[in-house]
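These protein sequence lines are chains B and L, in that order.
Those letters in the first sequence? Residues 1 to 369, per our numbering, in order.
Those letters in the second sequence? Residues 1001 to 1101, per our numbering, in order.
Note that CB positions come from ideal geometry on N, CA and C, so glycine has one too.
Remarks on the structure that follows.
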Amino acid sequence: MKYLSEYRDPELVGQYLNELHKTVTQTWTIMEICGGQTHSLVKHGLLAMMPSGINMVHGPGCPVCVTPLNLIDKAVYLAEEKRVILCSFGDMIRVPGSKKSLLEAKAGGADVRILYSPLEAVEIAVSNPDREVVFFAVGFETTAPANALSVLHAERLGLNNYSILASHVLVPPAMAAIMDDEEARIQGFLAAGHVCTIMGIHEYEPLVEQYKVPIVVTGFEPVDMLHGILMTARQLERGEAKLENQYTRVVQPDGNPDARAVIEKVFCVSDREWRGIGTIPTSGYEVRSEYAAFDANVKFDVHITKAPESSDCIAGQVLKGLKKPHQCSQFGKSCTPISPLGAPMVSSEGACAAYYHFSQAASEELQEA
Amino acid sequence: MCLAVPGRIERIDMRFNGMVRMAKVIFGGISKEASLEMVPHAKEGDYVLVHVGVAISVVNEEEAQKTFTYLKETGEFDELLPENYDAPPSVLAGSALYSKN
Ligand code: SF4
């Protein structure tokens, strides 16, 4: 497949690894922000192949993992009590709320549907005029245009039975919060390529200035990841801190202005609670008051009391890169992808799930050998 | 979640009374519909990156080459590796992992 298999070519992977081994002379701690990148590092076995001096820590970049518990409870309530057609992406449906996940609500008879795109939810609203349809709109900047577009489509079609439950988070404020944590020891960042596809790269310049860390906008395929890590390592070895773009085939410096215009039309920036981390100022989007008719938070005035998180789960420290998943006492014991205690064990892009699948595959490999 | 996949635009249609540009996009063997509202200049034959049903970027062919030439251009990789060169063991372990996927 064009623009895909070339970036998985084992020979090119080998060349990049070789160069990385030659470049790195000491230990560098680098965080990849995006869960898609965590998944790629683990799935392709890159962590094991890189020089031991590259210490990759995994960031909070899984929107499913950072969606607050009470919002999941709210979605469950809308599906069960308000009898809406509740739609979302597959991963979101499986995340445990304080009592149950949406998948469990579905098993109990609620109308919960797993979709590929929010635009499909609009079509469901068109064909079910006498039902309320709610799309649980989670995501980073990457997904915001599609979620906003669903609202604009619904408006153009004159629908009054479509709304979104928005849980949108923004990357740069989270990076600042991570660096401000006094335990932080991140020396370089791989910025999330698809977030920058929308937003461009300039909003990372102040972070480079303030925290004196290299930030390299990076793609998702194995060769992209190693290329981004090599660019970061070269900067670190030279004592530099610059903003660079590895993913130039996709990311324009100014991002995608058409997509941003759609976001700005429907959403405004707001403070956001991140599950496991807490509230980060100006780190999310909420639906603008002009579009209140399409905001499930306004349309269904539901108040859900905050439920406590499992006290055994150290997801907050994992999401900030302070601990690795296998350092959690519950990892692989009472917490597995089949019965997750915390959200990072649910989504395949959550760091705990990625480590779990990887350790399973690695032990199978050892047994086969 | 932020997965976005490159595919080739095979056909462009106007939908919703001519208001919305949609495309049939081919990913390997699979074809899917995607909205082109965020990439107004995309044309048939272009490769676009599609995320949850919306094309968010047109892949730039020229820039795509950079990942393949970076090591050569930065001059720190000697391209003419001897045949049977001593690959670090980690590299070989890597290719084993690859074949598993
Ligand atoms: S392994 Fe499970 S319990 Fe431990 S931090 Fe990850 S999600 Fe939480």
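Membership of B:C65 in any beta strand (DSSP E) is not indicated; the residue belongs instead to the alpha helix (DSSP H) covering 63-66. Shown in chain order are the members of the region 125-158 of chain B whose Cβ falls below 8 Å from a Cβ of chain L: V138, G139, F140, T142, T143, P145, A146, L149, H153, R156, L157. Within the region 77-165 of chain B, the beta strand (DSSP E) runs of at least 3 residues that lie entirely inside it are, in chain order, 85-88, 112-114, 133-139. Sequence-distant Cβ neighbours of B:C62 in its own chain, meaning closer than 6 Å and more than five residues away, are G35, S347, E349, G350.
The beta-carbon of L:K1024 is placed no less than 9 Å from the nearest beta-carbon of chain B. Membership of B:E273 in the beta strand (DSSP E) is indicated by the continuous run 267-274. Checking the 8 Å criterion, the Cβ of B:S310 is within range of a heavy atom belonging to the ligand SF4. Within the region 1039-1055 of chain L, contact with chain B at the beta-carbon level (separation under 8 Å) is assigned to V1039, P1040, Y1047, L1049, H1051, V1052, G1053, V1054. In this chain, the beta strand (DSSP E) harbouring L:S1035 covers 1030-1035. For a cut-off of 8 Å, the C-beta gap from B:G59 to B:E32 is around 6 Å, short enough to register as a contact. In this structure, the ligand SF4 has a non-hydrogen atom nearer than 8 Å to the beta-carbon of B:I314. The bridge partners DSSP lists for B:S167 are B:V138. When C-beta distances to chain B are compared with 9 Å, the residues of the region 1054-1068 of chain L below that value are V1054, I1056, S1057, V1058, V1059, N1060, E1061, E1062, E1063, A1064, Q1065, K1066, T1067, F1068, in chain order.
Look at B:Q330: its beta carbon is less than 8 Å from one of the heavy atoms in the ligand SF4. Of the heavy atoms belonging to the ligand SF4, none sits nearer than 8 Å to the Cβ of B:A292. Collapsing the DSSP output to three states places B:Y285 in a strand. Short note on B:V318: C-beta closer than 8 Å to some heavy atom of the ligand SF4. Taking the Cβ of B:L341 as the reference point, at least one heavy atom of the ligand SF4 falls within a distance shorter than 8 Å.
Per DSSP, the continuous beta strand (DSSP E) segment holding L:D1013 begins and ends at 1005-1015. Taken through DSSP and simplified to helix, strand or coil, B:Y3 comes out as coil. About 7 Å separates the Cβ atoms of B:M199 and B:R260, confirming a contact at the 8 Å cut-off.
Around the beta-carbon of B:Y355, 16 or more other beta-carbon atoms lie within 10 Å, marking it buried. Residues of chain L with a Cβ closer than 9 Å to the Cβ of B:P337 do not exist; the shortest Cβ-Cβ separation is about 16 Å. Sixteen is the threshold: since fewer than 16 other Cβ atoms of the shown chains lie within 10 Å of the Cβ of B:G278, the residue is exposed. DSSP, reduced to helix, strand and coil, places L:R1021 within a strand of the structure shown. Inter-residue distance for L:A1023 and B:R234 is about 41 Å (C-alpha atoms, whole angstroms).
Ranked by Cα distance from B:V251, the first of L:A1064, L:E1010, L:K1043 is L:A1064. The beta carbon of B:H202 lies closer than 8 Å to those of P253, D254 in the same chain, with the five residues before and after it left out. Identification of residues in the region 253-264 of chain B having a C-beta nearer than 8 Å to some C-beta of chain L yields N256, D258, A259, V262, given in sequence order. Against chain L, the beta carbon of B:V223 has neighbours under 9 Å at T1067, F1068, listed in chain order. In this structure the region 43-57 of chain B does not touch the region 89-103 of chain B; the number of beta carbon pairs closer than 8 Å is below three.
With contacts defined as CB atoms closer than 9 Å, B:A292 and B:K299 qualify as a contacting pair.
Interface criterion met: the Cβ of B:E6 is under 9 Å from a Cβ in chain L. Only exposed fits L:G1018, as fewer than 16 other CB atoms lie within 10 angstroms of its CB. The DSSP-derived three-state label of B:D258 is helix. Using a CB distance cut-off of 9 Å, B:F220 counts as an interface residue toward chain L.
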